[in-house]
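Peer 1: Heads up, the sequence shown is in full-length UniProt numbering, so the first residue is 1 and it goes up one at a time.
All residues carry an ideal CB built from backbone N, CA and C; glycine is no exception.
Got a structure for you, written out below as structure tokens; questions coming shortly.
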Amino acid sequence: GNLPDIQNLFIRLGVFNLNAPSLNTGQNRWVSRIHQPYRKHADGRFLVTLLELSSRAVFTDYVQPACIYQLEGIDNRMSFTWPFGTTVGWGQTWDDREAMLKSSTLRIPLLLDCFDHDRVFRGNSLFCAGSANGTDLCQKDSGNGLYVELRGIWHVAAVVSFTPQSTNNHCRTDSFVGLTILYDSMMWISSVTKLPYLIEEIIVKDGREFDPTKSYRNLLPRHCGSFLQNRITKGKTAPLFAYPWMAFLANRLKDVDKVKFICAGSLINKRYVLTVGKCTLFNNLPEFVRLGDHTIGQDVDCNVNDESDCAPPFRDYNVQFIVHNKDDSNICYRNNIALIRLKTDVIYEEHIQPICLPVTPELRRQKLDQYVITGWGGYNYLFAFHKSRKLQVATIGAASVAECDRHYVNYLSVPDPATGRRWSDPSPSAVHTCVGDDGGPLGYPVALRGTVRFVQFGVIAYGLPGCTGGPSVYVNVSQHLDWIVANMEE
């Protein structure tokens with residue numbers, strides 16, 4: 001929403017009753033700056049905002065900082081590892097109008113229950129709390145934290161984004177409260193606050209525009225797209241070594257030996273991975289890229305029919321910075337792309353090789369009847385909460401722009417054929433791409449430089465909610481090839 005006038009904005013700390021003086025406990029601090037993420041959510045209600053104080057608060061028995069909960073908090077069933085959370089605030093309750101500080105314990109339901117109640121909860125960073133037949137939060141509670149206690153220490157895990165309101169501004173008791181998970185904004189919070197215990201900042205740059213009057217060095221490799229022809233399949237599980245350019249974008253979870261899968265991508269040279277822009281938003285910045293992986297959670301991958309046919313272990317490469325298209329005003333729906341630069345050169349191995357891009361005029365114009373997609377995403381399940389452990393592959397056919405527009409009339413405000421071509425599998429039993437496949441490559445083996453190579457023509461952008469039937473949307477790599485070349489460095 002609209003930001004308040006900073007000249008009249010101050011913070012009260014150490015206050016219990018808003019209507020009573022707090023001379024011995026309270027502290028007032030003016031706000032010197034309002035920090036907001038560089039990328040906004042389509043709905044401004046779901047933003048996390050930081051207020052910078054003009055002077056330091058003095059820690060006393062009445063003023064103390066809360067720790068930030070740094071674990072994701074969501075298990076494989078898409079339920080929270082903490083089933084209840086505590087909120088504290090001065091908001092009005094259904095039978096109380098006193099402005100005294102109150103606490104409330106809220107039940108945190110399954111995310112599927114949130115979605116069934118209100119489609120607004122379909123964002124991964126947004127969840128609900130309370131009860132649909134009697135919520136515990138109301139007016140003036142927005143912005144409050146949801147706290148969990150771990151080993152006697154209180155951690156703020158989320159912030160209240162919105163509370164249910166009726167037309168007469170009274171509290172509604174038939175709806176959930178919406179909260180935003182702080183974990184997904186951790187890197188941005190770290191970059192602003194510089195708190196030493198938070199995640200290291202990932203630099204995000206605006207890419208430079210392609211200038212046709214300038215000459216750019218093409219850093220894309222000539223030897224690329226190598227594949228084992230007899231291992232290209234229409235099956236569900238990809239054969240070992242068949243797609244050595246597949247990249248796994250991820251974060252390391254604090255305090256546990258686990259990683260969080262964000263999106264897929266494709267290796268395009270020794271320092272760059274290509275993905276879709278929405279996979280590198282402020283609340284989804286990958287810390288590292290995993291290459292050469294086939295089965296998630298398994299150190300060494302072997303052929304199921306020949307245990308002696310094994311790939312070397314996967315390799316992790318830390319992210320140096322991310323390049324976005326600065327002209328993209330709404331990265332979630334313009335189907336744009338992003339480049340991830342790695343801190344060190346990738347060492348090519350049998351299971352780690354770059355994919356080819358459509359570098360020739362003929363390939364840029366080429367339209368095929370079918371394409372191959374790969375990824376670790378789920379399928380045929382609401383929001384793909386269950387990621388596939390093994391790399392998946394499917395062959396899909398081209399769909400018309402008219403068919404895509406018919407399916408996405410409620411999701412694309414202005415269909416833009418120039419920035420994204422659309423493909424789909426026409427068969428009724430199609431395995432469509434889904435959440436988790438985002439950012440992965442769409443390509444096919446074609447003739448290039450006197451041989452057959454696997455060329456990437458698209459980047460997986462998104463599919464219909466719930467992974468239902470219908471076409472999926474892909475970014476047209478040919479339309480962005482000049483921008484890619486212009487933004488690659490040695």
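(1) Let's test the definition: count the other Cβ atoms within 10 Å of the Cβ of His-223 and tell me whether it reaches 16, buried, or not, exposed.
(2) Just to confirm before moving on: does the CB-CB distance between Leu-339 and Tyr-444 stay below 9 angstroms?
(3) Check Ile-280 in the structure and name its three-state DSSP category.
(4) Suppose you measure from the CA of Phe-84 to the CA of Val-159; what does that come to, to the nearest Å?
(5) Grouping DSSP H, G and I as helix and E and B as strand, with all else coil, what is Lys-437?
(6) For the segment 262-281 and the segment 234-249, state whether three or more C-beta atom pairs, one from each stretch, are separated by less than 8 angstroms.
(7) Using DSSP's beta-bridge definition, name the partner residues of Phe-127.
(8) Look at Phe-176 and Pro-221 and say whether their C-beta atoms are less than 9 angstroms apart.
(9) Give me the residue from Gln-36, Ala-238, Arg-12, Val-48 with the minimum Cα distance to residue 498.
(10) Pick helix, strand or coil for Glu-490, following the three-state DSSP scheme.
(11) With a cut-off of 8 angstroms on the beta carbons, I'd call Thr-374 and Tyr-243 a contact; round off their distance for me.
(12) Pop quiz: Phe-454 and Pro-358 are said to be a contact at Cβ under 8 angstroms. What is the actual Cβ separation, rounded to whole angstroms?
(13) Please report the straight-line C-alpha distance between Ile-268 and Trp-483, rounded to a whole angstrom.
(14) Report the three-state DSSP secondary structure of Pro-361 (helix, strand or coil).
(15) For the beta strand (DSSP E) that Met-246 lies in, which residues bound it at each end?
(16) Which residue wins for smallest C-alpha separation from Asp-211, given the options Glu-490, Glu-489, Val-485?
(17) Short check: CB of Arg-33 to CB of Leu-51, under 9 angstroms?
(18) How far does the alpha helix (DSSP H) with Trp-188 in it extend, from its first residue to its last?
(19) On the CB-based measure, 16 or more other CB atoms within 10 Å of its CB, does Lys-278 come out buried or exposed?
(20) Exposed or buried, what is Gln-392 when buried is set at 16 or more other beta-carbons lying within 10 Å of its beta-carbon?
(21) Cβ of Ala-394 within 9 angstroms of Cβ of His-351?
(22) Using the rule of at least 16 other Cβ atoms within 10 Å of the residue's Cβ for burial, across every protein chain shown, is Ser-400 buried or exposed?
(23) Assign residue 516 to buried or exposed, taking buried as 16 or more other Cβ atoms, counted over all protein chains shown, within 10 Å of its Cβ.
(24) Among residues of its own chain, excluding the 5 on either side of Thr-237, which ones have a beta-carbon nearer than 8 angstroms to its beta-carbon?
(25) Look at Gly-225 and Ile-355 and say whether their C-beta atoms are less than 9 angstroms apart.
(26) What first and last residue would you give for the beta strand (DSSP E) that runs through Asn-325?
(27) Take Cys-114 and list the residues in its own chain whose beta-carbon comes closer than 7 angstroms to its own, dropping the five residues that flank it on each side.
(28) Excluding sequence positions up to five away, which residues of its chain have a Cβ less than 6 angstroms from the Cβ of Cys-302?
(29) Classify Asn-380: buried if its beta carbon has 16 or more other beta carbons within 10 angstroms, exposed otherwise.
(30) Who are Asn-303's beta bridge partners in DSSP?
(31) With Trp-30 as the anchor, note down where its beta strand (DSSP E) starts and where it stops.
(32) Look up Pro-445 in the DSSP assignment and give the residues it is bridged to.
(33) Report the option in Tyr-69, Phe-227, Glu-307 whose CA atom is closest to the CA atom of Ile-153.
(34) Starting from Tyr-147, trace the beta strand (DSSP E) both ways and give me its first and last residue.
(35) Could you tell me the boundaries of the beta strand (DSSP E) in which Glu-154 lies?
(36) Among Ala-57, Ser-54, Gln-320, Leu-18, which one has its Cα closest to the Cα of Lys-102?
Peer 2: Walking through what the data contain:
(1) For this step, residue 223 is matched to residue 223 along the sequence shown. With fewer than 16 other Cβ atoms within 10 Å, it is exposed.
(2) Against the sequence shown, residue 339 aligns to sequence position 339. Against the sequence shown, residue 444 aligns to sequence position 444. No, they are not a contact pair.
(3) Taking the first residue of the sequence shown as 1, we reach residue 280 at position 280. It should be noted that the sequence gives Thr, not Ile, for residue 280. Three-state DSSP puts Thr-280 in a helix.
(4) Stepping through the sequence shown from its first residue, residue 84 is reached at position 84. Stepping through the sequence shown from its first residue, residue 159 is reached at position 159. Approximately 14 angstroms, taken between the alpha carbons.
(5) As a working mapping, residue 437 is identified with position 437 in the sequence shown. In the sequence on display, residue 437 carries Asp and not Lys. Three-state DSSP puts Asp-437 in coil, outside helix and strand.
(6) yes
(7) For the purposes of this step, residue 127 is taken as residue 127 along the sequence shown, with counting starting at 1. Answer is Leu-179.
(8) In the sequence shown, counting from the first residue as 1, residue 176 sits at position 176. In the sequence shown, counting from the first residue as 1, residue 221 sits at position 221. No; because the gap between Cβ atoms is not below 9 angstroms, this pair is not in contact.
(9) Residue 498 is absent from the model: the chain starts at 1 and stops at 490.
(10) Position 490 of the sequence shown, counted from the start, is the residue given in the question as residue 490. It is coil, neither helix nor strand.
(11) Here the question's residue 374 lines up with position 374 in the sequence shown. Here the question's residue 243 lines up with position 243 in the sequence shown. Their Cβ separation, rounded to whole angstroms, is 5 angstroms, which keeps Thr-374 and Tyr-243 in contact under 8 angstroms.
(12) In the sequence shown, residue 454 corresponds to position 454, counting from 1. In the sequence shown, residue 358 corresponds to position 358, counting from 1. Not really, about 12 angstroms apart at Cβ, beyond 8 angstroms.
(13) Taking the sequence shown and counting its residues from 1, one reaches residue 268 at position 268. Taking the sequence shown and counting its residues from 1, one reaches residue 483 at position 483. C-alpha separation (whole angstroms): 14 angstroms.
(14) Residue 361 sits at position 361 when you count from the first residue of the sequence shown. In this structure, Pro-361 counts as helix in the three-state DSSP scheme.
(15) In the sequence shown, the residue the question calls residue 246 occupies position 246. Counting along the chain, the beta strand (DSSP E) containing Met-246 begins and ends at 246-252.
(16) Position 211 of the sequence shown, counting from 1, holds the residue named residue 211. Per the Cα distances, Val-485.
(17) Against the sequence shown, residue 33 aligns to sequence position 33. Against the sequence shown, residue 51 aligns to sequence position 51. Cβ distance < 9 angstroms, so Arg-33 and Leu-51 count as in contact.
(18) Translated into the one-based positions of the sequence shown, residue 188 becomes position 188. Looking at the DSSP string, the run of the alpha helix (DSSP H) that includes Trp-188 is 186-193.
(19) Residue 278 sits at position 278 when you count from the first residue of the sequence shown. Lys-278 is buried by the Cβ-count criterion.
(20) The residue given as residue 392 occupies position 392 in the sequence shown. Buried, because 16 or more other Cβ atoms sit within 10 Å of the Cβ of Gln-392.
(21) Translated into the one-based positions of the sequence shown, residue 394 becomes position 394. Translated into the one-based positions of the sequence shown, residue 351 becomes position 351. Result no, Cβ atoms of Ala-394 and His-351 do not sit closer than 9 angstroms.
(22) Residue mapping note: residue 400 aligns to position 400 of the sequence shown, counting from 1. Label assigned to Ser-400: exposed.
(23) Because the chain spans 1 through 490 in this model, residue 516 falls outside it and cannot be assessed.
(24) Here residue 237 is taken as the residue at index 237 of the sequence shown, counted from 1. Around Thr-237: Lys-390, Leu-391, Gln-392, Val-393.
(25) Here residue 225 refers to the residue found at position 225 of the sequence shown. Here residue 355 refers to the residue found at position 355 of the sequence shown. Yes, the pair counts as a contact, with Cβ atoms nearer than the cut-off.
(26) Start at 1 with the first residue of the sequence shown, and residue 325 comes out as number 325. That run of the beta strand (DSSP E) goes 315-325.
(27) On the sequence shown, residue 114 is found 114 positions in, with the first residue counted as 1. Here the set comprises Phe-121, Phe-127, Cys-128, Phe-176.
(28) Counting from 1 along the sequence shown, the entry for residue 302 is found at position 302. If we look at Cys-302 and ignore the five residues flanking it on each side, its Cβ neighbours are Cys-310.
(29) Indexing the sequence shown from 1 puts residue 380 at position 380. Any reading at Asn-380 needs caution, since the residue's pLDDT is 36, under 50, leaving its predicted position unreliable; the model's value is listed next. By the 10 Å Cβ count, Asn-380 comes out exposed.
(30) The residue labelled residue 303 in the question sits at position 303 within the sequence shown. The partner list for Asn-303 (beta bridge, DSSP) reads Asp-306.
(31) Translated into positions along the sequence shown, residue 30 becomes position 30. Note, Trp-30: beta strand (DSSP E), 27-35.
(32) Here residue 445 corresponds to residue number 445 of the sequence shown, with the count starting at 1. Paired residues: Phe-454.
(33) Against the sequence shown, residue 153 aligns to sequence position 153. The shortest Cα separation from Ile-153 among Tyr-69, Phe-227, Glu-307 belongs to Tyr-69.
(34) Working through the sequence shown from its first residue, we reach residue 147 at position 147. 145-150 is the span of the beta strand (DSSP E), which, as asked, contains Tyr-147.
(35) Taking the first residue of the sequence shown as position 1, residue 154 is located at position 154. Note on identity: in this sequence residue 154 is Trp, with Glu being the wrong assignment. Start and end: 153-162.
(36) Counting from 1 along the sequence shown, the entry for residue 102 is found at position 102. For the residues Ala-57, Ser-54, Gln-320, Leu-18, the minimum Cα distance to Lys-102 belongs to Leu-18.
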